[in-house]
Amino acid sequence: MTTTITRGLSPVRTVIDNGAVVIVQETKTTAAVTINATVRAGGVHESEALPGVAYLTSRVLDRGTASRTADLIAEELDDRGVALRLFPTRHTTAVTCTCLAEDFEDVLAIVLDVIRNPVFPEEEVAKRRAEVLTALRQDADNPAVRSTDVLFEMLYGASHPYGRPAKGTPGGVEGMTRDNLVAFHRERFQPASLSLAIVGQVDGHHALECATRQLNGWSGHALTEPPLPKAASGAIREQRRVEIPGKAQSDIAYGFVAIDRLDPKFYAYFVMNNILGQFGLGGRLADNIRERQGMAYYAFSAFDPSIGPGPLMIRAGVDPANVERTIAAIDHEVGTLGSGGPTAQELAQSQQYLIGSLPRTLETNAGIAHFLQNAEIFGLGLDYDQRLPERIRAVTMDEVTAAASEVLHPERAVIAIAGPPAAESVSQV
Amino acid sequence: MNFKGTVNIPRDEIKGLVERFGGLWNGYTWIDQTTYLETAGRDALDQLLFIEAERMANGLYEPEDCESERTVIISELQGGENDPDQLLEQELTATAFRAHTYRHPTIGWLPDLKSMTRDDLYDHYRRYYVPNNATLVVAGDVDTDDVLKRVEKTFGAIAPGPDLTRLTVAEPPQLGERRVVIERPGTTAYLKAAWHAPAATDPEFFPMLVLDAILTGAKGANLWSSFRGLPPQRKSRLYTALVDRSLASSVTGMMLPTAEPFLYTISLTAMQGVALRTLEDALVEQIDRVRSEGVTDEEVARARRQLRARFVFENDSVTNIAHQLGYFETVAGAGYFSELPSRVERVTTSQVSDVARRRLSPAARTVGWFQPIEGRP
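From first to last, the protein sequence lines stand for chains A and B. So that you can map any letter, position 100 of the first sequence is 119 in the working numbering, and since no number is skipped, the others follow by simple counting. So that you can map any letter, position 315 of the second sequence is 317 in the working numbering, and since no number is skipped, the others follow by simple counting.
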């Protein structure tokens, strides 16, 4: 088997007159095609009065269009073994699926119909709203979700689009109407905000022709990106605890506001994060918390830069009795890397790993589609897969040390802990 | 313990062995088997083979590493218990089986994790980690003859262990419905129902796979990757009857290929404000209906198409292909994996109606409720 990346990606990209972008990459590995339609319609585009409207819109988007009932869409997709995934993020909503190569044209037509012509039937809005309310109740009982949500709120502030939960709040969702969804869709689901990636066993020119034919005739307005407010945190260390009765384990989320994706320091941060909390079982953090102290099954860091400065977050799930010891261990690793930088061996190993893992990232159609969409959103270029290794290789020790020194300060850390109240002990479980 | 150093790989050198090739490694244990997976560039092949040979023959099991890993695994167990759905799954399985070892959660029970000794672990390791009890799969951009030579060189000297016979414990027939109710602090109610299911090698496995697709949408058969994300299920019977009628916010069916008869489990998340009794009645109504009326040709045809597509989707990477070859070799024997699609194609409507009627009976059912305690939190 030869993966596409052995030869490098060779995507074809075109911009249709109405502004929609289509990117096609042919692959030969399986008789399937992944469709990834990403629209710039996410949490940052919600009005402050309607947090969660992007999320609820995504839940109802595929429940009926001007020419297809919800039932017909369900039937057409189920018959082909296809499940649409609607994935709202802070800046985008992605509609993705994988279908058999023989079903490509039919499924593409459904995906684009869902994006262009949803009608948001009242009955469907009511059903999906109730599902979101149940999901919010589940989140309230989940220490991992709660610690992360509270951390983001503390890092950015409750009114910052990066600081509020994607699903919204129970009160807000209860009051959300069909008109709210229709208005959000009308405003953001525009040809100029669509980037369509098609990856798989399909002739490139044929796919491009199909997509262009189906997108022609769709007109819309120009879009602007709203300015992002400044993050709330920064100068001092803060810690908050959320009590969830009956839990056996506490979750710790510890973080900082880092940089945006197009910051020239991105590659230094990318490598630094790998050293801190990714390499092997979870970098220096897992070496300490999992391997040496045996306190956690998972301890890692995640760096998520975006259009605005994204978080550098550390996560660990531990026995409630070990919360303070774990935070001390995180402080130690953050402080040590922040003040001393990495070793030459760590830098070389992480660079080698990040470069070497690229073919694996691009092994599946879905992986390639995601990579191409990311390159499109941030304007990284069609040949980014070929330039990325060199960018990682060029990162110097001084740059990683500077990145660590810039962001890794325990005295400025924001910490959220979710778990059982102090009085409850593990023996109850 | 098998990631913690061997005779020829010091503990502090494990980190980086696969990563320097850009590789990813992982492993899991489930009811029938333990699997280690590594994916890396072709240049890493010798290194990957060396690691697996060391893992098989030369694990150290240092006492202090056992102690540190013990608390890591207890942390993993407690993390699982934080999820009410996972907790209910564990209790349901333990209730459904009386005799068979499938009643034990793979991770173990907390008192056992606290008390097992280094020698308990090492004895298990020496008994089962032997070439005559293992399957090695290599998938990717490689030449078969070349790989076989390298494997011979790396593994050839490892002595086989004594012949292993699987502990055979037949689960006695279930004579009446069993129930487990967990009442704990929480926000959401969960319901599960399970029936004893055929093993992968039982001819009834395939009609059951089709029946599950009709009830909850086809997942495919890849334990490693097929159960992440939702299946195509919006026209499935239980989605339309329970989710689309706002009684449940989600429905999942699990019909997994196992070496011996395990369970077919249906899991539901109750919609806020819907009583578990109401949800269970609605589920039972659907199960009674499929038992009494059977399924239609149209439903079977759709399920077959779904499974055909899922079998393609779930083999989209060398990791997935290698996993599937090894998994089915272990639980179902050589040749089984390649026959999966054709066996599904041959399933008939009457076979599906028949397994529904016989296997989903009320007396053979185990029902589990997770009932959140009111007012908390």
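Where a beta carbon is used, it is the ideal one built from N, C-alpha and C, also for glycine. These numbers come from a predicted model, not from an experiment.
{"Query": "Is there contact between the stretch 150-157 of chain A and the stretch 69-86 of chain A, where contact requires at least three CB pairs shorter than 8 Å?", "Result": "yes"}
{"Query": "Quick check: what's the CA-CA separation for A:R104 versus A:K186?", "Result": "16 Å"}
{"Query": "Less than 7 Å separating the Cβ of B:L90 from some heavy atom of the ligand COA?", "Result": "The ligand COA is absent from the structure shown, which contains no ligands of any kind."}
{"Query": "At 8 Å on the CB atoms, spell out the chain A contacts of B:M273, in chain order.", "Result": "A149, E150 and T153"}
{"Query": "Could you spell out where the beta strand (DSSP E) holding B:G29 opens and where it closes?", "Result": "L26 to T31"}
{"Query": "Can you check whether the C-beta of B:D299 is within less than 8 Å of a C-beta belonging to chain A?", "Result": "no"}
{"Query": "Just checking: is the beta-carbon of B:P234 within a distance shorter than 8 Å of some beta-carbon in chain A?", "Result": "yes"}
{"Query": "Give me the DSSP bridge partner(s) of B:G61.", "Result": "B:T8"}
{"Query": "Threshold first: 3 residues or longer. Then list the beta strand (DSSP E) segments lying entirely within the stretch 283-348 of chain A, N to C.", "Result": "315-322 and 330-337"}
{"Query": "Leaving out five residues on either side along the sequence, give the residues of the same chain with a beta carbon under 6 Å from the beta carbon of A:L356.", "Result": "L295, A423 and L427"}
{"Query": "Leaving out five residues before and five after A:H240 in sequence, what residues of the same chain have Cβ atoms less than 7 Å from its Cβ?", "Result": "Q209"}
{"Query": "Give me the subset of the stretch 17-40 of chain B whose CB atoms are less than 8 Å from a CB atom of chain A, sorted by chain position.", "Result": "K17, G18, E21, R22, F23, G24, G25 and L26"}
{"Query": "Given that A:A267 touches chain B, what residues does it touch there, using C-beta distances under 7 Å?", "Result": "Q80, E83 and N84"}
{"Query": "Could you give the residue range of the alpha helix (DSSP H) that holds B:K194?", "Result": "From DSSP, B:K194 is part of no alpha helix (DSSP H) but of the beta strand (DSSP E) over Y192 to H198."}
{"Query": "Once the 5 residues before and after A:R99 are set aside, which same chain residues still bring their CB inside 8 Å of it?", "Result": "C118, L119, D122, D125 and V126"}
{"Query": "With DSSP as the reference, label A:N37 as helix, strand or coil.", "Result": "coil"}
{"Query": "CB-CB under 7 Å to A:G38, same chain, minus the five flanking residues each way: which ones, in chain order?", "Result": "P210 and A211"}
{"Query": "Indicate the three-state DSSP secondary structure (helix, strand or coil) for B:T103 in the structure shown.", "Result": "helix"}
{"Query": "Do B:T95 and B:L278 have their beta-carbon atoms positioned less than 8 Å apart in this structure?", "Result": "no"}
{"Query": "Consult DSSP for A:S29 and reduce its assignment to one of helix, strand or coil.", "Result": "coil"}
{"Query": "Can you list the residues of chain A that B:G43 reaches, using a CB-CB cut of under 7 Å?", "Result": "G375 and P378"}
{"Query": "Are B:Y124 and B:Y63 closer than 8 Å when you measure CB to CB?", "Result": "yes"}
{"Query": "Residues in the same chain with beta-carbon distance under 6 Å from B:A196, minus the five sequence neighbours each way, listed in chain order, please.", "Result": "L94, A98, L265, T267 and T368"}
{"Query": "Give the residues of chain B in contact with A:M314, contact being defined as C-beta atoms less than 8 Å apart.", "Result": "T73, V74 and S77"}
{"Query": "Given this structure, state the Cα-to-Cα distance separating B:R186 from B:E179, to the nearest angstrom.", "Result": "23 Å"}
{"Query": "Buried or exposed: which applies to B:P162, given that a residue is buried once 16 or more other Cβ atoms fall within 10 Å of its Cβ?", "Result": "exposed"}
{"Query": "Count the other CB atoms, across all protein chains shown, that sit within 10 Å of the CB of A:A413; report buried if there are 16 or more and exposed otherwise.", "Result": "exposed"}
{"Query": "Work out the CA separation of A:G191 and A:I278 for me, nearest whole Å.", "Result": "30 Å"}
{"Query": "For B:P169, tell me which candidate among B:Y130, B:P364 and B:R291 has the shortest Cα-Cα distance.", "Result": "Looking at the sequence shown, residue 169 of chain B is not Pro but Leu. For the residues B:Y130, B:P364 and B:R291, the minimum Cα distance to B:L169 belongs to B:Y130."}
{"Query": "Does A:Y403 get closer than 8 Å to chain B when you measure Cβ to Cβ?", "Result": "no"}
{"Query": "Any idea which residues DSSP pairs B:M256 with across the strands?", "Result": "B:T267"}
{"Query": "For B:K155, which of B:A55, B:T298 and B:G25 has the nearest alpha-carbon?", "Result": "B:A55"}
{"Query": "Less than 8 Å separating the beta-carbons of A:L170 and A:V290?", "Result": "no"}
{"Query": "Identify which residue in A:V101, A:K249, A:D97 and A:Q258 has its Cα closest to the Cα of A:V276.", "Result": "A:K249"}
{"Query": "I need the boundaries of the beta strand (DSSP E) containing B:I375, first residue and last residue.", "Result": "R367 to I375"}
{"Query": "Going along the chain, which residues of its own chain have a beta-carbon closer than 7 Å to the beta-carbon of B:K208, five neighbours each way excluded?", "Result": "According to the sequence displayed, residue 208 of chain B carries Phe and not Lys. So the list reads R345, V346 and V349, once near-sequence residues are dropped."}
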